Amino acid sequence: KANPIATIASFAMCLRYSFSQGDLADKIEAAIAAVLDQGLRTGDIAQDGCKTVGTREMGDAIIGSLNRGS
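Each residue of the sequence shown is one higher than the last, beginning at 1 in our numbering.
So, in structure tokens, the structure goes:
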């Protein structure tokens, strides 16, 4: 039931600041934003009108968004 967004965002920061891969970091951050815009939330950030999902589903949604280029 953990929220994987911080871990994924931390990887984006690593790419941006440690490896000068800002373009890849931008894609990861855009994928996170796209999933949140779709209304998916883990329990710790759940809001009315949003779909609450587990850790795996959130991670899969972000990866799917990244693969689609969102």
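Backbone N, C-alpha and C define an ideal beta-carbon position, used for all residues, glycine too.
As the structure is a prediction and not an experimental result, all values here were calculated from the model.
Identified DSSP bridge partners for residue i
i   : result
L40 : K51
Inter-residue CB distance, residue i and residue j (contact presumed, cutoff 8 Å)
i   : j   : result
G16 : A6  : Checking the sequence shown, residue 16 turns out to be Arg, not Gly. About 15 Å separates the two Cβ atoms, so there is no contact after all.
A9  : E29 : 7 Å
G39 : K27 : Rounded, the Cβ-Cβ distance is 21 Å, inconsistent with contact.
L66 : A31 : 4 Å
Alpha-carbon to alpha-carbon, residue j and residue i
i   : j   : result
R68 : E57 : 16 Å
I63 : Q47 : 22 Å
V35 : G22 : 20 Å
D60 : S18 : 25 Å
A12 : S20 : 11 Å
T55 : P4  : 6 Å
V53 : R41 : 6 Å
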